[in-house]
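Single-structure report; data block below.
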Amino acid sequence: MLCKRCVLPENKPDIVLNAEGICNICLDFQKNNAAEPRPAALESEVIKILNKYKGKGKYDCLVMCSGGKDSTSSLYYMKKRYKMNPLVFTFDHGFENEEALENIKNAVNILGVDWLYYRSDSMKKIFTHILKSRTKAPICHLCAIWYLGLTLETARQQNTPLIVAGWTKGQSLGKADSGLEYRAMSGATGDFVKHYLRKIPEYKDFPVSIGEALKRSRGRIKAEIISPHWFLEYDPAGAKSILEKELNWKAQKLSYPKGSTNCLMNFVNVYLSMKNYGYSHYHIEMSKLIRLGELSRQEALRMLEIDFDRGFVGDIIKGLNCGLPAD
Ligand SMILES: [Zn+2]
């Protein structure tokens, strides 16, 4: 049973539904918001931040771009709307899909911006360890810790202290994995890193969380990480039509959540999260958007419908020499 207001299922003790079927996260939000309504983020705020960095180095900002709708529109806004000179950064752990890479190629060619494409097999071994150990640590958590460290290091090397992401308001950084609704997954990630991964010499320094990855990099680079979507109205349909028209952008044929673009391991992550928790991090992110009034519950439920199966997921991980846990 899902919360009647958002799309979180009960997961005791962190997520609990009351007699009316409303979860504690929604009730907390209602209480805090009534006491202190949050001011709307204004576009003038993002412009103020961008102006701090404009013209200071070879590039004004490093834009993380995966070829998906949100990150490609971030890039589009930086170049066209805010007249920034961005360096585009893409990381590929070997499971990036061709359609997404094609989108990035089109965007950088049409916009005439520099592009840094980083392809590494280093995450592949970690994916195998996740599958073999049967940990409940979400694949995407481990990957986020890795790519954030990588992006910060790239920003340092390029002397570009402003990092621009394509995260929506449902995906704020730092605080994102500290809420009650994240606790079970973050706990599993921390345990896996501490008690399994770090026992392997090459991963002995792997951060236990995104927070730790950020804290560590702070001594090396003072980077600011923002997403223009935090300051703008959420309009995925509008963004999509601009990208299709101006950047020859194409939606992925099969995606999860519907209408998104993600790497292939994302399907594996969702499959295992549903099995381990009954929800994925998308349920958490969309629930946040629903509470903020940026997404309807009905639309979230439609996007969260699963239309891929175990066989499809098994094919993705064929090369990892490790199967899925039994049903
Ligand atoms: Zn709820």
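Its first residue numbered 29, the sequence shown is counted upward by one per residue in this note's numbering.
Don't be surprised by glycine CBs; every beta carbon is placed ideally from N, CA and C.
Next on the checklist: Pull the bridge partners of P114 from the DSSP assignment, please.
Outcome noted: DSSP, once it has assigned bridges, lists C89 as partnering P114.
Checklist entry - At which residue ranges does the segment 243 to 322 contain complete alpha helix (DSSP H) runs of 4 or more residues, listed in the order of the chain? => result Within the segment 243 to 322, the complete alpha helix (DSSP H) runs of at least 4 residues are 264 to 275, 293 to 305 and 309 to 319.
Next on the checklist: Out of V192, C171, V141 and N276, which one is the CA nearest neighbour of G77?
Outcome noted: Sequence check: residue 77 is Ile here, not Gly. Of V192, C171, V141 and N276, the residue nearest in Cα terms is V192.
Next on the checklist: When you measure from the CB of L129 to every non-hydrogen atom of ligand 1, does any distance come out below 7 Å?
Outcome noted: Every heavy atom of ligand 1 is 7 Å or more from the Cβ of L129, so no.
Checklist entry - Looking at L352 and S245, is the spacing between their C-beta atoms short of 8 Å? => result In terms of Cβ geometry, S245 and L352 do not form a close pair [threshold 8 Å].
Next on the checklist: Only counting the same chain, and skipping five residues up and downstream in sequence, which positions put a Cβ closer than 7 Å to that of E38?
Outcome noted: Correct list, in chain order: M29, V44 and L45.
Next on the checklist: Would G122 pass as an interface residue toward chain D - the criterion being a Cβ-Cβ separation below 8 Å?
Outcome noted: The structure shown contains no chain D; it holds only a single protein chain.
Next on the checklist: When you measure from the CB of I53 to every non-hydrogen atom of ligand 1, does any distance come out below 7 Å?
Outcome noted: It does: the Cβ of I53 is within 7 Å (strictly closer) of some heavy atom of ligand 1.
Item to check | Nearest candidate by alpha-carbon position, reference K153, set H121, Y175 and A183 | outcome: Per the Cα distances, H121.
Checklist entry - So what does DSSP say about K187, is it helix, strand or coil? => result Residue identity differs from the one stated: residue 187 is Asn in this sequence, not Lys. Note: N187 maps to coil in three-state DSSP.
Next on the checklist: Can you determine whether any heavy atom of ligand 1 sits closer than 7 Å to the C-beta of R325, and answer yes or no?
Outcome noted: No, since every heavy atom of ligand 1 falls outside the 7 Å radius drawn around the Cβ of R325.
Item to check | Backbone CA spacing between G321 and P229 [nearest angstrom] | outcome: Per the coordinates, the alpha-carbon of G321 lies some 46 Å from the alpha-carbon of P229.
Item to check | At least three beta-carbon pairs within less than 8 Å, the segment 268 to 279 to the segment 206 to 222 | outcome: Contact annotation: the segment 268 to 279 does not touch the segment 206 to 222, with fewer than three C-beta pairs closer than 8 Å.
Next on the checklist: Extract the residue ranges of the beta strand (DSSP E) inside the segment 154 to 181, only unbroken runs of 3 or more that lie entirely within it.
Outcome noted: Runs found: none.
Checklist entry - Distance, Cα to Cα, D355 vs K303? => result Here the C-alpha atom of D355 lies approximately 8 Å from the C-alpha atom of K303.
Next on the checklist: My assumption, with CB atoms under 8 Å, is that L323 sits in contact with M314. Please give the rounded CB distance.
Outcome noted: With 8 Å as the limit, L323 and M314 qualify as a contact, their Cβ atoms being about 6 Å apart.
Item to check | Per-residue DSSP class, three states only, for C350 | outcome: Looking at C350 - three-state DSSP - the assignment turns out to be coil, as it is neither helix nor strand.
Checklist entry - H257: buried (16+ other C-beta within 10 angstroms of its C-beta) or exposed? => result With 16 or more other Cβ atoms within 10 Å, it is buried.
Next on the checklist: Going by DSSP, what residue range makes up the alpha helix (DSSP H) through R325?
Outcome noted: It spans R325 to L332 - the alpha helix (DSSP H) in which R325 sits, taken as one unbroken run.
Next on the checklist: Quick check: what's the CA-CA separation for K222 versus D335?
Outcome noted: Going by C-alpha positions, K222 is about 35 Å away from D335.
Item to check | Nearest residue (CA-CA) to E126, options Q326, H309, L282 and R330 | outcome: Closest option to E126, Cα to Cα, is L282.
Next on the checklist: Contact defined as beta carbons within less than 8 Å: I believe L88 pairs with L176. What is the distance between those atoms, to the nearest angstrom?
Outcome noted: A quick correction: the sequence has Asp, not Leu, at residue 88. Actually they do not touch by this definition, with Cβ atoms about 20 Å apart.
Checklist entry - Regarding L332 and ligand 1, is the C-beta to nearest heavy atom distance less than 7 Å? => result No heavy atom of ligand 1 is found nearer than 7 Å to the CB of L332.
Checklist entry - Just reading off the beta strand (DSSP E) that L30 is part of, what are its end residues? => result No beta strand (DSSP E) holds L30; DSSP gives it neither H nor E.
Next on the checklist: With distance defined between alpha-carbon atoms, name the residue in N137, S150, K40 and E71 nearest to Y231.
Outcome noted: Taking the Cα of Y231 as reference, the smallest distance to any Cα among N137, S150, K40 and E71 is reached at S150.
Checklist entry - Can the beta-carbon of F259 be found less than 8 Å from the beta-carbon of V116? => result Going by beta carbons, F259 and V116 fall outside the 8 Å limit.
Next on the checklist: Can you find the residues in the same chain that come closer than 6 Å, C-beta to C-beta, to E124, ignoring five residues on each side of it along the sequence?
Outcome noted: The beta carbon of E124 sits closer than 6 Å to the beta carbons of C291 from its chain, once the five residues preceding and following it are set aside; these are given in chain order.
Next on the checklist: Taking 7 Å as the cut-off, is the beta-carbon of L317 closer than that to any non-hydrogen atom of ligand 1?
Outcome noted: L317 has its CB no nearer than 7 Å to any heavy atom of ligand 1.
Checklist entry - What do you get for Y104, buried or exposed, if any count of 16 or more other CB atoms within 10 angstroms of its CB means buried? => result Its Cβ being crowded by 16 or more others within 10 Å, Y104 is buried.
Checklist entry - Curious, which full-length alpha helix (DSSP H) runs of at least 4 residues does the segment 33 to 78 contain? => result Qualifying alpha helix (DSSP H) stretches, in chain order: 52 to 63.
Next on the checklist: Under DSSP, the beta strand (DSSP E) around R147 begins and ends at which residues?
Outcome noted: It spans D142 to R147 - the beta strand (DSSP E) in which R147 sits, taken as one unbroken run.
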